[in-house]
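S.K.:
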Amino acid sequence: MITGRLILGDQLHPGHSWYQRVDPSVRYFLIEAHEEQTYAPQHRQKMLGFLAAMRRFAAWLESKGHAVTYVPIGAGVRDLASYVAKAQKDGRVHQWEMQEPDEYRLDAALRPLMAQVVSSEHFMTERHHVAAFFAGKKTYLMESFYRDQRKKTGILMDGEQPHGGSWNYDAENRKPWPAKQPIPSAWTFSHDLRALDAELDEVGLPKWGRSAAEAFPWPLDRTEALEVWNFFIEHLLPSFGPYQDAMVDDAPFLYHARISFALNTKMLTPLELLESVEAAYRAGRVSLSSAEGFIRQVMGWREYVRGIYWAQMPEYATLNALAHHQAMPDWFYTGKTKMRCVSQAIHQSLQHSYAHHIQRLMVTGNIALLLGLDPDSVDAWYLGIYLDAIEWVEMPNTRGMSQFADGGILGSKPYVSSGAYIHKMSNHCSGCAYSVQDKDGPNSCPFNALYWEFHHRHRERLAQNPRIGMVYRTWDRFTPERQHALLERAAWLHEHVEEL
2 MITGRLILGD QLHPGHSWYQ RVDPSVRYFL IEAHEEQTYA PQHRQKMLGF LAAMRRFAAW
62 LESKGHAVTY VPIGAGVRDL ASYVAKAQKD GRVHQWEMQE PDEYRLDAAL RPLMAQVVSS
122 EHFMTERHHV AAFFAGKKTY LMESFYRDQR KKTGILMDGE QPHGGSWNYD AENRKPWPAK
182 QPIPSAWTFS HDLRALDAEL DEVGLPKWGR SAAEAFPWPL DRTEALEVWN FFIEHLLPSF
242 GPYQDAMVDD APFLYHARIS FALNTKMLTP LELLESVEAA YRAGRVSLSS AEGFIRQVMG
302 WREYVRGIYW AQMPEYATLN ALAHHQAMPD WFYTGKTKMR CVSQAIHQSL QHSYAHHIQR
362 LMVTGNIALL LGLDPDSVDA WYLGIYLDAI EWVEMPNTRG MSQFADGGIL GSKPYVSSGA
422 YIHKMSNHCS GCAYSVQDKD GPNSCPFNAL YWEFHHRHRE RLAQNPRIGM VYRTWDRFTP
482 ERQHALLERA AWLHEHVEEL
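Laid out in structure tokens, this is it:
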């Protein structure tokens with residue numbers, strides 16, 4: 002009797018204990034189900050990346066002597082649950098096993114069909130660790146979780162104290178890009194995925210974004226992921242920290258690692274990356290601020306948002322604390338907007354299925370929140386456009402950190418800014434059709450008036466937040482004429498959102 006082991010598209014972890022010995026009673030199943038490509042609008046590079054990596058992983062399993070059934074997209078499988086149920090009913094599989102899915106939707110659909118569910122052996126914490134850690138506390142403060150993780154792992158620690166005397170080097174990691182600094186190169190690949198791209202066309206899957214099928218640049222297995230990672234450690238990490246928030250025209254990658262797709266599909270594990278970064282620091286190859294900046298993102302933020310997701314789902318997916326219902330403008334899907342920073346971020350996303358965290362939070366997320374876009378639409382956009390986006394990590398970052406739709410479960414305040422922040426951290430404003438210095442005129446940067454109107458609109462909810470009090474004290478010092486001009490400009494922007 003055959004035990005079927007289902008492998009999901011984000012479970013490509015060759016070091017998992019499942020694969021360490023060949024069991025003749027076990028067959029591994031990897032299934033390209035249509036639902037996984039269509040439950041949110043998907044960038045074509047995201048489809049290609051996941052499916053090509055799944056195919057590469059299946060070939061690796063076979064090379065190790067494991068029995069594998071691979072079901073391609075052309076087979077017409079609608080969804081994973083129906084395939085699993087039918088295979089067992091038909092007698093092809095006696096019982097099913099799987100690794101814990103990281104998405105609530107799949108966990109709910111598949112877990113009842115499984116005889117056994119095991120750990121994915123990837124994360125540093127268990128699924129419900131964050132909920133247990135914050136039990137009885139009023140807020141989910143990431144900093145306290147991060148410090149606890151540092152203590153437990155001993156990474157960048159001297160006994161019970163943080164190495165260097167500080168837990169946080171954010172203040173050193175917020176530099177804009179120097180005008181004459183050369184743009185570093187990225188480690189990319191040139192995979193020919195045109196045949197797979199044609200398969201997706203043949204089954205009628207929509208094409209959104211550049212496919213890059215003729216020279217697909219992303220890693221498709223662990224060996225390639227390690228090439229990208231080793232290049233980052235050697236050439237990019239030394240300057241990563243100071244410039245991790247910087248934005249530059251037509252320079253999508255800068256010093257960023259570009260390993261989030263490989264990490265989120267489990268080709269790499271978080272602990273091995275953290276140990277590698279610490280080793281580079283201890284060897285004197287990178288600064289403490291760069292090392293801590295990366296470690297904080299992976300050990301702190303990544304594990305933390307996963308915990309928030311599992312602590313709050315399924316209700317989290319419905320939250321809309323600010324009652325935002327504005328439809329998504331077309332330019333979110335085309336990049337055709339006169340706002341240069343937004344155009345740069347969206348065009349880059351369409352071109353590469355990638356943007357770094359500040360572009361996602363303080364450019365596209367910022368304008369979405371200021372305009373009051375429906376968080377369901379914003380969620381779907383982020384989930385679909387980015388190669389690395391899987392719901393457990395995308396949703397808390399979008400609905401929580403970016404859109405404040407959770408009312409403050411994850412973020413202590415809405416992350417919005419006027420054009421001044423973008424001007425400080427990028428060179429976008431110099432080539433923009435709008436003036437960042439103009440606050441309320443007909444050619445003023447839309448972020449400026451929308452910033453003040455957002456706080457005015459939500460004053461009843463936000464005024465008591467101690468982190469926002471200064472905003473309202475400043476607003477109250479404005480003359481009535483200035484307040485009126487800002488609100489008038491914002492009203493025009495809301496009414497003409499498709500023209501921005």
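Using this note's numbering, the letters of the sequence shown correspond one by one to residues 2 to 501. C-beta atoms are modelled at their ideal positions from N, C-alpha and C, and glycine is treated no differently. Computed from a predicted model, the values in this text were never measured in an experiment.
L142: buried (16+ other C-beta within 10 angstroms of its C-beta) or exposed?
M.R.: L142 should be labelled exposed.
S.K.: Hey, quick one: how far does the beta strand (DSSP E) through E98 stretch, first residue to last?
M.R.: Residues Q96 to Q100.
S.K.: Per DSSP, which residues does A68 bridge with? Please list them.
M.R.: Paired residue(s): R28.
S.K.: On a Cα-Cα basis, can you pick out the residue from M314, F262 and E454 that is closest to A109?
M.R.: A109 has its Cα closest to that of M314, out of M314, F262 and E454.
S.K.: Use the C-beta contact count for H325: other C-beta atoms within 10 angstroms, 16 or more gives buried, fewer gives exposed.
M.R.: The residue is buried, with at least 16 neighbouring Cβ atoms inside 10 Å.
S.K.: With a threshold of 7 Å on Cβ separation, who are the neighbours of T338 within its own chain once the five nearest residues in sequence on each side are excluded?
M.R.: For T338, where only same-chain residues beyond five positions count, the Cβ hits under 7 Å are W332, S344 and L501.
S.K.: Under the three-state reduction of DSSP, which class applies to S121: helix, strand or coil?
M.R.: It is coil, neither helix nor strand.
S.K.: DSSP three-state label for R259, please.
M.R.: R259: coil per DSSP, three-state reduction.
S.K.: Assuming P239 contacts S290 under a Cβ cut-off of 8 Å, what Cβ separation, rounded to an integer in Å, is found between them?
M.R.: Incorrect: roughly 11 Å between the Cβ atoms, too far for contact.
S.K.: Does the distance from the CB of G385 to the CB of A41 come in under 9 Å?
M.R.: Yes. Within cutoff.
S.K.: Going by C-alpha distance, which of H495, K414 and Q298 is nearest Q465?
M.R.: Selected option, being the one with the closest Cα: K414.
S.K.: State whether the segment 265-275 contacts the segment 298-305, with contact taken as three or more CB pairs (one from each stretch) at a distance under 8 Å.
M.R.: The segment 265-275 vs the segment 298-305: in contact.
S.K.: Starting from the Cα of W97, find the closest Cα among A434, D389 and A88 and give me that residue.
M.R.: Checked all of A434, D389 and A88; the closest Cα to W97 is A88.
S.K.: Applying the 10 Å Cβ sphere with the 16-neighbour rule, what's the burial state of I423?
M.R.: When all chains shown are included, I423 counts as buried.
S.K.: Apply the 10 Å Cβ neighbour rule to Q341 and answer buried if 16 or more other Cβ atoms are within range, or exposed otherwise.
M.R.: According to the sequence provided, residue 341 is Arg. The question's Gln does not apply to it. Answer is buried; the Cβ neighbour count reaches 16.
S.K.: Go through its chain and collect everything with a Cβ distance to L488's Cβ below 6 Å, but skip five positions before and after it.
M.R.: E454, listed in sequence order.
S.K.: Return the CA-CA distance between A281 and G373, expressed in angstroms with no decimal places.
M.R.: Taking the straight line from one Cα to the other gives about 43 Å.
S.K.: Ordered along the chain, which non-local residues of its own chain (more than five positions away) have a Cβ less than 7 Å from that of E215?
M.R.: Cβ neighbours of E215 beyond the five flanking positions: D193 and R195.
S.K.: Tell me the residue span of the alpha helix (DSSP H) that contains Y308.
M.R.: It is Gly, not Tyr, that sits at residue 308 in the sequence shown. G308 -> alpha helix (DSSP H) spans E304 to Q313.
S.K.: Per DSSP, H44 forms a beta bridge with which residues?
M.R.: DSSP lists W209 as partners of H44.
S.K.: Taking A53 as the reference, which of A68, K65, E36 and P73 has the closest Cα?
M.R.: Looking at the Cα atoms, P73 is the closest of the given residues.
S.K.: Round the Cβ separation of Q404 and L370 to the nearest angstrom and send it over; I've been treating them as touching at under 8 Å.
M.R.: About 5 Å; that satisfies the 8 Å criterion.
S.K.: Could you check if K208 is buried or exposed, using at least 16 other CB atoms within 10 Å of its CB as the buried criterion?
M.R.: When all chains shown are included, K208 counts as exposed.
S.K.: Can you tell me where the beta strand (DSSP E) with L7 in it begins and where it stops?
M.R.: Unbroken beta strand (DSSP E) run through L7: T4 to L7.
S.K.: Count the other CB atoms, across all protein chains shown, that sit within 10 Å of the CB of D251; report buried if there are 16 or more and exposed otherwise.
M.R.: D251 is exposed by the Cβ-count criterion.
S.K.: Identify every residue that forms a DSSP beta bridge with H192.
M.R.: Partner(s): F217.
S.K.: State the beta-bridge partners of M158 as determined by DSSP.
M.R.: Beta-bridge pairing links M158 to P163.
S.K.: Would you call the segment 269-277 and the segment 378-395 in contact, with 3 or more CB pairs under 8 Å?
M.R.: Result no; under three Cβ-Cβ pairs closer than 8 Å.
S.K.: State buried or exposed for A346, treating a residue as buried only when at least 16 other CB atoms are found within 10 Å of its CB.
M.R.: Classification of A346: buried, given that the 10 Å Cβ count is 16 or more.
S.K.: Looking at R483: is its Cβ nearer than 9 Å to the Cβ of S445?
M.R.: No, these two residues do not count as a Cβ contact at 9 Å.
S.K.: How far does the alpha helix (DSSP H) with S186 in it reach, from first residue to last?
M.R.: No alpha helix (DSSP H) holds S186; DSSP gives it neither H nor E.
S.K.: So, for M2: in the same chain, excluding its five sequence neighbours on each side, which residues have a beta-carbon less than 6 Å away from its beta-carbon?
M.R.: Correct list, in chain order: H95.
S.K.: Taking the alpha carbon of W506 as the reference point, which residue from D477, R151 and L201 has its own alpha carbon closest?
M.R.: This structure gives no information on residue 506, because the portion of the chain shown stretches from 2 to 501.
S.K.: L9 and L62: beta carbons closer than 9 Å?
M.R.: No.
S.K.: Alpha carbon to alpha carbon, how far is E496 from P102? Give it in angstroms, no decimals.
M.R.: Approximately 42 Å, taken between the alpha carbons.
S.K.: Determine whether the beta carbon atoms of G420 and P447 lie at a separation below 9 Å.
M.R.: Yes. Within cutoff.
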